[in-house]
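The next block holds one structure in the form of structure tokens; read it before the comments.
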Amino acid sequence: MKHKIKDEIKKHSNPFDIKRKRLYNEISKEMGFIYPCPEYISVKTLILRSINKKLPSNVTTFNDIPNESEYYKTERNEDFMIFKNSDLVIFQSPFQAKLFKKYNNDIFVDGTFYIAPKFSQQVFITRTYVKELNSFYTTSYSILRNKKQKTYKMLFNKLKQNSNNNIITEPKNVHCDFEKGISKAVKKIFPNINIKYCIWHYKNLLEIKKNELCRNEVNDDEKIFNYYKGISNLPFINPEYIMDIFS
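The opening position of the sequence shown corresponds to residue 31 in our numbering, with each subsequent residue numbered one higher.
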């Protein structure tokens, strides 16, 4: 059975898709008609070791990221990695590029640090809204080594180039947090775009600053707290009516 397990794992083109228990069940069912099979617990380590041998080598630095890999291909054998330099790696399938180009009224961007490799600063994601399907779709993934404006600029420029296909891509709005490097970089690549800052980030930053400076003073005084809530809701008020509301 051990040889059978190794052979089956070798046949898989993508080791990430291998389900260990399912593999064991399929092989044991097939071989059980011939002779009794060992328990799953006794071959679990063998299965895991065989799968690990199929995995790509560990990447410990940004420079270790390979320029070419079988994992940079989609199921249709299309290139998934579109750009790599010493600060940035961009992944975008042809289908994602098509969505980026076609549904460009609103682009949503954000970085996450929780899934970023240890040797990088963040994983940066772009998304778009497809009205016909009433759904959001991810249009690119990128690994960034830093949060510099020039890195963001390179990122958006490469996404623009990859989606063009002789058709100029000019998004109308980009939705992002308050990181200046992002908004300035977007403006450099898409000069006519509107920057729409995220309300959640606005309120979250306001709450953090309030807690740092005067948490008890605001929370314990109803009048001050109401003023604070009013300030937090300013983005929802037409600027023409602000003075009337607060006077």
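Where is the CB? At the ideal position from N, CA and C, for every residue including glycine. No experiment lies behind these values; they were computed from the predicted model shown.
Answer with buried or exposed for M12, where buried requires no fewer than 16 other C-beta atoms within 10 angstroms of its C-beta. A query on residue 12 cannot be resolved here, the shown segment of the chain reaching from 31 to 277 and no further.
Would you call the stretch 221-235 and the stretch 144-161 in contact, with 3 or more CB pairs under 8 Å? no
Going straight from the alpha carbon of L189 to that of S170, what length do you get? For the purposes of this step, residue 189 is identified with residue 159 of the sequence shown, where counting begins at 1. For the purposes of this step, residue 170 is identified with residue 140 of the sequence shown, where counting begins at 1. Cα to Cα, the separation comes out at about 8 Å.
Give a yes or no on whether the C-beta atoms belonging to Q122 and I112 are separated by under 7 Å. As a first step, residue 122 is located in the sequence shown; it is residue number 92 there, counting from the start. As a first step, residue 112 is located in the sequence shown; it is residue number 82 there, counting from the start. Yes, the pair counts as a contact, with Cβ atoms nearer than the cut-off.
Ends of the alpha helix (DSSP H) at L264? Against the sequence shown, residue 264 aligns to sequence position 234. Unbroken run through L264: none, as it is neither H nor E.
What residue range does the beta strand (DSSP E) around F110 cover? As a first step, residue 110 must be located in the sequence shown, where it is residue number 80. F110 -> no beta strand (DSSP E), and no H or E assigned at all.
State the start and end residues of the unbroken alpha helix (DSSP H) segment that holds S99. Against the sequence shown, residue 99 aligns to sequence position 69. Unbroken run through S99: none, as it is neither H nor E.
At which residues does the beta strand (DSSP E) containing C228 begin and terminate? By 1-based counting over the sequence shown, the position of residue 228 is 198. Looking at the DSSP string, C228 is not in any beta strand (DSSP E), and its letter there is neither H nor E.
Does the stretch 231-251 touch the stretch 200-211, meaning 3 or more C-beta pairs lie closer than 8 Å? yes
How big is the Cα-Cα spacing for S185 and I120? Within the sequence shown, residue 185 is the residue found at index 155, counting from 1. Within the sequence shown, residue 120 is the residue found at index 90, counting from 1. First, the residue type needs correcting, since residue 185 is Leu and not Ser in the sequence shown. Answer to the nearest angstrom: the Cα atoms are 7 Å apart.
Quick one: what does DSSP say C206 is sitting in, helix, strand or coil? As a first step, residue 206 must be located in the sequence shown, where it is residue number 176. Strand.
Excluding the 5 residues preceding and the 5 following K34 in the sequence, name in chain order all residues of the same chain whose CB lies nearer than 6 Å to its CB. On the sequence shown, residue 34 is found 4 positions in, with the first residue counted as 1. Cβ neighbours of K34 beyond the five flanking positions: I57.
Near S165, what residues of its chain come up, given a Cβ to Cβ distance below 8 Å and the 5 sequence neighbours on each side ignored? Counted from its first residue, the sequence shown places residue 165 at position 135. Taken in chain order, the residues that qualify are Y159.
Between N93, P124, E162, which lies nearest to N107 when the distance is taken from Cα to Cα? In the sequence shown, residue 107 corresponds to position 77, counting from 1. Measuring from the Cα of N107, the nearest candidate turns out to be P124.
Beta-carbon within less than 6 Å of T142's beta-carbon, same chain only, minus the 5 sequence neighbours each way: which residues are those? Against the sequence shown, residue 142 aligns to sequence position 112. Excluding residues within five positions, the ones whose Cβ falls inside 6 Å are V153.
Consult DSSP for T91 and reduce its assignment to one of helix, strand or coil. Numbered from 1 along the sequence shown, position 61 holds the residue referred to as residue 91. Coil.
For L243: DSSP bridge partner residues: Within the sequence shown, residue 243 is the residue found at index 213, counting from 1. According to DSSP, which records beta bridges pairwise, L243 is partnered with nothing at all.
Quick check: what's the CA-CA separation for I95 versus V89? Here residue 95 corresponds to residue number 65 of the sequence shown, with the count starting at 1. Here residue 89 corresponds to residue number 59 of the sequence shown, with the count starting at 1. Rounded to whole angstroms, I95 to V89 spans 6 Å at the Cα level.
In this structure, does DSSP put T199 in helix, strand or coil? Within the sequence shown, residue 199 is the residue found at index 169, counting from 1. Coil.
Give me the Cα-Cα distance between K202 and N268, rounded to the nearest whole angstrom. The count along the sequence shown starts at 1 and reaches residue 202 at position 172. The count along the sequence shown starts at 1 and reaches residue 268 at position 238. Whole-angstrom Cα-Cα distance: 21 Å.
Identify which residue in N256, A127, Y271, L118 has its Cα closest to the Cα of K177. Here residue 177 refers to the residue found at position 147 of the sequence shown. With distances taken between Cα atoms, K177 lies closest to L118.
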